[in-house]
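Comments concern the structure below.
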Amino acid sequence: MDPTRLLPPLPGRPSDGHKGTFGRVLLAAGSRGMSGAAVLAALGALRSGSGLVRLAVPRSLVPVVASVEPACLVLPLSEDAAGTTGLGGLVTLRRAAAQATAVAIGPGWGQGMALEVLAETLYVELDRPLVVDADGINALAVSRRVFAAGENRPRPAGPRVLTPHPGEMARILGTDIASVENDRESQARALALRTGAVIVLKGAATVVTDGDRLIVNSTGNSGLATGGSGDVLTGLIAGLLAQGLPVLDAAWLGVYLHGLAADLAAAELSESGLIASDLPDWIPAAWCELEARSAEHCEN
């Protein structure tokens, strides 16, 4: 069967829609030396169809990221001596999150105690969908409170998506990568049931699960095994959440689109020649293919 028959409905595009109709994304990302991760996440969100994308980065990064993509709004945050977001950024992020319909944190964020506090506070407090990736996951894994079993675990105020690669998954679970890779579906399902989050366990045949339903993705290729590809995925999922898709649907559709964009790109560029910054340019072609298949299925 054509796997697109099983995909969730695509987000609507009413002809009289405006920026607010299609959702507002807030991305907290980037640190000194990692501005590219922030930009890639923003490009993924922009290509999702979201109406507005705001990228919150340490103040010193603003000129860099603002010059790369003019369609993205840039929000400066206080930073520490290492060039990562400082605790003072929490007030700014809370204020900006109140205006967003979905939030993502973590790509290129760096490490440090301030980020651990920021990650846990936002994870628990935000009442809107939140995607946590990369250094956001690493920050949560340090205290382990949000991954704890039983009643001591803090309950988040809104829907959550966690997008670990196998190394990050091993860190969360306190195990090794081989153990994760040997039982990917069970490990992802168990973490989803423990946390109440949708888990996107990245890798060949990415697993997406809410603990009940489980999907093994059929798109993508080895060209995705390159730095920054996961940042694009984070932005893409956040953008779909911002448009009002249910959490599992947004994660599943984002993973499928991301992989399809890689497949279309590799057909022209090769899997070896594909890099993360190619992916946003191929997401529109992936949308076109999905929309064409969707229209065909409706006719049939």
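Under numbering that gives the first Met the number 0, the sequence shown has 131 at position 132, and the numbering climbs by one with no breaks. Glycine included, every Cβ here is placed at the ideal spot set by N, Cα and C.
Could you tell me which residues DSSP puts in a beta bridge with residue i?
i: P57; result: L76
i: R159; result: L129
i: V24; result: V52, A101
i: I198; result: L161, T208
i: T218; result: Answer is none; T218 lacks a bridge partner.
i: T84; result: E78
Excluding the 5 residues flanking residue i on each side, which residues of the same chain have their C-beta closer than 8 Å to its C-beta?
i: T225; result: L273, I274, A275
i: W281; result: A260, A261, L263, A264
i: A294; result: none
i: H17; result: G50
Give every residue of the same chain whose Cβ lies closer than 6 Å to the Cβ of residue i, excluding the five residues on either side of it in the sequence, and list them in chain order.
i: I214; result: V207, W251
i: L278; result: V231, A260
i: R58; result: P75, E78
i: E270; result: N220, S221, G222
What does the alpha-carbon distance come out to for the pair residue i and residue j?
i: G19; j: G253; result: 20 Å
i: A36; j: V231; result: 8 Å
i: L86; j: L74; result: 15 Å
i: L117; j: A81; result: 16 Å
i: P283; j: R46; result: 7 Å
i: G43; j: A249; result: 13 Å
i: S34; j: V52; result: 16 Å
i: E146; j: V61; result: For clarity, residue 146 is Phe in the given sequence; the question names Glu instead. Spanning the two alpha carbons is a distance of roughly 33 Å.
i: R159; j: D134; result: 16 Å
i: P245; j: P7; result: 9 Å
i: V130; j: L190; result: 15 Å
i: R193; j: R154; result: 11 Å
i: T233; j: P106; result: 8 Å
i: A28; j: W108; result: 5 Å
i: V67; j: V90; result: 26 Å
i: G149; j: R188; result: 16 Å
i: A101; j: R23; result: 7 Å
i: A291; j: Q98; result: 33 Å
i: L9; j: W286; result: 9 Å
i: L256; j: R152; result: 33 Å
i: L289; j: L235; result: 15 Å
i: L119; j: P13; result: Before going on, a small fix: residue 119 reads as Glu here, not Leu. Taking the straight line joining both Cα atoms gives about 37 Å.
i: V197; j: S178; result: 20 Å
i: A41; j: D132; result: 13 Å
i: G166; j: D15; result: 44 Å
Can you check which of these residues, the options, is closest to residue i by C-alpha distance?
i: A55; options: P69, V231, S77, A81; result: S77
i: G210; options: A138, R183, E290, T218; result: R183
i: E156; options: Y122, V179, S66, R143; result: Glu is not the amino acid found at residue 156; the sequence shown has Ala there. Measuring from the Cα of A156, the nearest candidate turns out to be Y122.
i: G238; options: G173, T174, R127, G109; result: R127
i: S221; options: G258, A187, A196, I198; result: G258
i: H164; options: V199, R188, R193, T194; result: V199
i: Y186; options: M168, G202, G195; result: The amino acid at residue 186 is misidentified as Tyr; the sequence shows Gln. Per the Cα distances, M168.
i: G202; options: L235, T162, T194; result: T162
i: R371; options: E124, E115, L39; result: Residue numbering for the chain in the displayed model covers 0 to 299; residue 371 lies beyond these limits and cannot be assessed.
i: L72; options: T84, L26, R31, S30; result: L26
i: V63; options: A291, S30, D15; result: S30
i: A266; options: I104, G219, L240, L289; result: G219
i: T84; options: P69, I104, L289, A65; result: I104
i: V38; options: G229, E270, S271; result: G229
Need the endpoints of the alpha helix (DSSP H) that residue i sits in, please.
i: I176; result: 176-181
i: L268; result: 246-268
i: V150; result: At residue 150 the sequence reads Glu, which differs from the Val that was named. Where E150 is concerned, there is no enclosing alpha helix (DSSP H), given that its DSSP letter is neither H nor E.
i: E115; result: 112-124
i: T233; result: 228-241
i: L308; result: With the chain covering 0 to 299 only, the question about residue 308 has no answer from this structure.
Could you name the residues of the same chain whose beta carbon sits closer than 7 Å to that of residue i, not counting the 5 residues immediately before and after it, in chain order?
i: R170; result: N137, A140
i: S21; result: In the sequence on display, residue 21 carries Phe and not Ser. Result list for F21: G48, S49, G50, Q242, in chain order.
i: A204; result: V215, N216
i: L268; result: D277
i: M0; result: Summary for M0: the model assigns pLDDT 39, below 50, so the residue's position carries little reliability, and this model does not support an answer.
i: S142; result: E115, E119
i: Q110; result: D134, N137
Let's see if you can read the secondary structure: which residues bound the beta strand (DSSP E) around residue i?
i: L213; result: 213-215
If you measure from the CB of residue i, is any heavy atom of the ligand MG nearer than 7 Å?
i: E78; result: With respect to small molecules bound, the structure shown includes none, and the ligand MG cannot be examined in it.
For residue i, would you say it is in contact with chain B, using Cβ-to-Cβ distances shorter than 8 Å as the test?
i: A133; result: Among the chains of the structure shown, chain B does not appear; only one protein chain is present.
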